[in-house]
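Peer 1: Chains as they are written, first to last, in the numbering used here: chain A, 3 to 250; chain B, 3 to 250.
Number of protein chains: 2
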Amino acid sequence: MDEIPARNGEAAPQKGTVTQRAIDQIKALIGEGRLEPGERLPTERDLAARLGISRSSMREAIRALTVMGVLEARHGSGIYVTQLEAGDLLETFGVVADLSRGPRLAELLEVRRILESTATALAAARITPAQLAQVEKHLTAMNTTDDPEEILAHDLAFHREITAAAGNDSMAAILEGLSSRTFRARVWRAYQEEGAFTRTRREHAAIHRALVAHDPEAARAAAAAHVGEVEQWLRGQAASPPSDEHQA
Amino acid sequence: MDEIPARNGEAAPQKGTVTQRAIDQIKALIGEGRLEPGERLPTERDLAARLGISRSSMREAIRALTVMGVLEARHGSGIYVTQLEAGDLLETFGVVADLSRGPRLAELLEVRRILESTATALAAARITPAQLAQVEKHLTAMNTTDDPEEILAHDLAFHREITAAAGNDSMAAILEGLSSRTFRARVWRAYQEEGAFTRTRREHAAIHRALVAHDPEAARAAAAAHVGEVEQWLRGQAASPPSDEHQA
DNA sequence: GCCGCATATTTATCAGACCACTTCCAGGTA
DNA sequence: TACCTGGAAGTGGTCTGATAAATATGCGGC
């Protein structure tokens, strides 16, 4: 990394909080390519001194960029720029899903339906035998157990394998966030009580069949129908009053 | 908000950093509905005392949740839970787009193509005369000026109006984030490639025509082609070496 | 009833200290 | 020579206390 111009004295621009400015400056350094993925930053103390702010403020800036998945702090070692991979950066997407309620849940599910149907279609065209084997593994595992936790885990893995086969890591990361564990668990809990279990199994089978046949359009339709089922159910739930702490 | 159990003495769980724990706990409070949107939190000092950590650590946690769009700190007033609207929470999506390079940029553009084509199709079915008038306003404004900055602004607004008309705020927020960097790339393209302006104009006209006709499928095709143009150009750029600081 | 000002509250920032963990190298050992 | 071991230096993690800046509140005066 090049040297950061140490702001010796001179009139301060003074817009926004100093922490926000620090966040923007570090972000800019990465955006301009002056900080490469994996590269180590100067120490907190150095950075604070160079930007003319206290270490506390600099730490807040670093923490902010850390939760965004841009930086990674290793205790005793230093602060590093992450590989800036889709998974790191879009991790906060899961937080959004977790905190969303009511109508927004339905909106996010609609986004998921659109993306997942396309991803499944792409997967149908590109999936390799090895990947298909993985998909089948989770499919059978899902159908041979009664433990809800295990079913949920294999359900997630089933869709994850498929989206991974689509070849778009960013899309996979977004879908991962939209299918976060708590998100699904919330929806699932009540949903499967209505005997939708066998229907889900049938839908999964349809998706699998389309993948085996390498039929993108069939895959798209099957995936859209699968997510659409939950979506419609959720929209219906939103109208009726909630039963527990996770209201609609 | 209810009282937070003050952890008097007792063995500390001690997993992860105290700041991360604080972040999770506040997030959980909101997730469980014990903190409502718009509600004011206790003071930094109170929160720190209740969770048994220092004010510095608590401030880092608050800052992290602030940049995520979950909390909002007002100097001299207090800390409040945001309305948790899609725009607030998905703002970081723009950061992702800004920091993405090379192949990932193409991936994100593919996501945008999928979502925007669907959003435009939805808009074609639902758009109101008033909304359509707004779209037309930006369309004509875009075609009657030569200032690149102004063109860019109206171009953004053009698409924003359309995605808003689709009726899915979450999708609109995601597309908003996926657009900033993208549009800059297109401006760059306009600088280099001759005839890109007229082609863009023709594509916009096609989208507008589909909206007026309330023809979802035509709208979908036009939007997909529009974004696809940029997408293809970008994939081509990725192959050849970059020329300036905004490399592919 | 309404306005203006002093005061209290609260966030923003700074400074300095100590602890926990990692890294690295000098010195000893086999 | 090769290995390992121990400690010192470096660095992030946390805490404490203090000051500045912005906001909220309540009181007195009109």
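Beta carbons: idealized from backbone N, C-alpha and C, even for Gly.
What you are looking at is a predicted structure, and each value in this text was computed from that prediction instead of being measured.
(1) Could you run through the segment 165-183 of chain A and flag, in chain order, every residue whose CB is less than 8 Å away from some CB of chain B?
(2) Going by DSSP, name the residue or residues bridged to G35 (chain A).
(3) Thinking S172 (chain A) and E109 (chain B) are a contact (beta carbons under 8 Å), I'd like their distance in whole angstroms, please.
(4) Taking 7 Å as the limit between beta carbons, can you name the residues of its chain near E195 (chain B), skipping five residues before and five after?
(5) For the beta strand (DSSP E) containing A168 (chain A), name the first residue and the last one.
(6) For the beta strand (DSSP E) that contains A99 (chain A), what are its first and last residues?
(7) Anything in chain B within Cβ reach of V20 (chain A), meaning under 7 Å, just list it in chain order.
(8) Determine the contact status of P44 (chain A) and A123 (chain A), defining contact as a CB-CB distance below 8 Å.
(9) Which chain A residues are close to V97 (chain B), counting only those with a beta carbon under 8 Å from its beta carbon?
(10) Less than 7 Å between C-beta atoms, sequence neighbours within five positions excluded: which residues of the same chain meet that for I55 (chain B)?
(11) Measure the C-alpha to C-alpha separation of H210 (chain B) and E62 (chain B) and round it to an integer number of angstroms.
(12) Any contact between the segment 124-141 of chain A and the segment 160-170 of chain A? By contact I mean 3 or more CB pairs, one from each, below 8 Å.
(13) Determine whether the beta carbon atoms of M60 (chain A) and E41 (chain A) lie at a separation below 8 Å.
(14) Determine the direct distance from the alpha carbon of A227 (chain B) to that of L141 (chain B), and round the result to whole angstroms.
(15) Within 10 angstroms of the Cβ of Q85 (chain B), are there 16 or more other Cβ atoms? Answer buried if so, exposed if not.
(16) In the structure shown, what three-state DSSP assignment does E12 (chain B) receive?
(17) When the Cβ atoms of the segment 24-35 of chain B are set against those of the segment 63-73 of chain B, are three or more pairs found closer than 8 Å?
(18) Taking Cβ positions only, does L117 (chain B) come closer than 8 Å to chain A?
(19) Can you tell which of B:E138, B:S102 and B:E233 has the C-alpha that lies nearest to the C-alpha of R188 (chain B)?
(20) Is it the case that the segment 199-207 of chain A contacts the segment 92-100 of chain A, given that we only count it when at least three CB pairs across the two stretches are under 8 Å?
(21) Please list, in chain order, the residues of the segment 104-132 of chain A that have any C-beta partner in chain B closer than 7 Å.
(22) Can you name the start and end residues of the beta strand (DSSP E) that E74 (chain B) belongs to?
(23) Does the distance from the CB of L117 (chain A) to the CB of I164 (chain A) come in under 8 Å?
(24) Give the single residue among B:T68, B:R114 and B:L111 whose Cα lies nearest to the Cα of Q255 (chain A).
(25) Could you have a look at M104 (chain A) and say whether DSSP puts it in helix, strand or coil?
(26) Hey, is R42 (chain A)'s beta-carbon within less than 8 Å of any beta-carbon in chain B?
(27) With DSSP collapsed to three states, give me the class of P243 (chain A).
(28) At a Cβ threshold of 8 Å, is S79 (chain B) touching chain A?
(29) Looking at the structure shown, is G18 (chain B) part of a helix, part of a strand, or coil, going by DSSP?
(30) Within 10 angstroms of the Cβ of A14 (chain B), are there 16 or more other Cβ atoms? Answer buried if so, exposed if not.
(31) Pop quiz: L101 (chain B) and L91 (chain A) are said to be a contact at Cβ under 8 Å. What is the actual Cβ separation, rounded to whole angstroms?
(32) Would you mind working out which of B:R128, B:T120, B:R162 and B:A207 sits nearest N145 (chain B), comparing C-alpha positions?
(33) Could you tell me how far apart the beta carbons of E178 (chain B) and R162 (chain B) are, in whole angstroms, since I believe they sit closer than 8 Å?
(34) Only counting the same chain, and skipping five residues up and downstream in sequence, which positions put a Cβ closer than 8 Å to that of M76 (chain B)?
Peer 2: Let me spell this out:
(1) N170, D171, S172, M173 and I176
(2) Answer is none; G35 (chain A) lacks a bridge partner.
(3) Contact holds; Cβ gap of about 4 Å.
(4) none
(5) Element bounds for A168 (chain A): n/a, residue is neither H nor E.
(6) Careful: A99 (chain A) lies outside any beta strand (DSSP E), inside the alpha helix (DSSP H) at T94 to L101.
(7) Neighbours of V20 (chain A) on chain B: none; closest Cβ ~12 Å, over 7 Å.
(8) Result no, Cβ atoms of P44 (chain A) and A123 (chain A) do not sit closer than 8 Å.
(9) K29, M70, V72 and L91
(10) V20 and A24
(11) The straight-line gap separating the alpha-carbon atoms of H210 (chain B) and E62 (chain B) is approximately 47 Å.
(12) yes
(13) No, the pair does not count as a contact, with Cβ atoms beyond the cut-off.
(14) 18 Å
(15) exposed
(16) Summary for E12 (chain B): the model assigns pLDDT 43, below 50, so the residue's position carries little reliability; its value from the coordinates is reported in the next sentence. DSSP places E12 (chain B) in coil when its eight states are reduced to three.
(17) yes
(18) yes
(19) B:E233
(20) no
(21) R106, E109, L110, E112, V113, I116, L117 and T120
(22) L73 to R76
(23) no
(24) Outside the displayed range of chain A (3 to 250) lies residue 255 (chain A), so it cannot be described from this structure.
(25) Correcting the residue identity first, residue 104 (chain A) is Gly in this sequence and not Met. Reduced to three states, the DSSP call for G104 (chain A) is coil.
(26) Residue-level contact by beta carbon fails for R42 (chain A) and chain B, as no gap is shorter than 8 Å.
(27) Its pLDDT being 45, under 50, P243 (chain A) is placed unreliably by the model, and the measurement read from it follows with that caveat. Of the three classes helix, strand and coil, the one that applies to P243 (chain A) here is coil, per DSSP.
(28) no
(29) coil
(30) Confidence in A14 (chain B) is poor, its pLDDT being 43 and thus under 50, which makes the residue's placement too unreliable to answer from.
(31) 7 Å
(32) B:A207
(33) 7 Å
(34) Sequence check: residue 76 (chain B) is Arg here, not Met. So the list reads Y82, once near-sequence residues are dropped.
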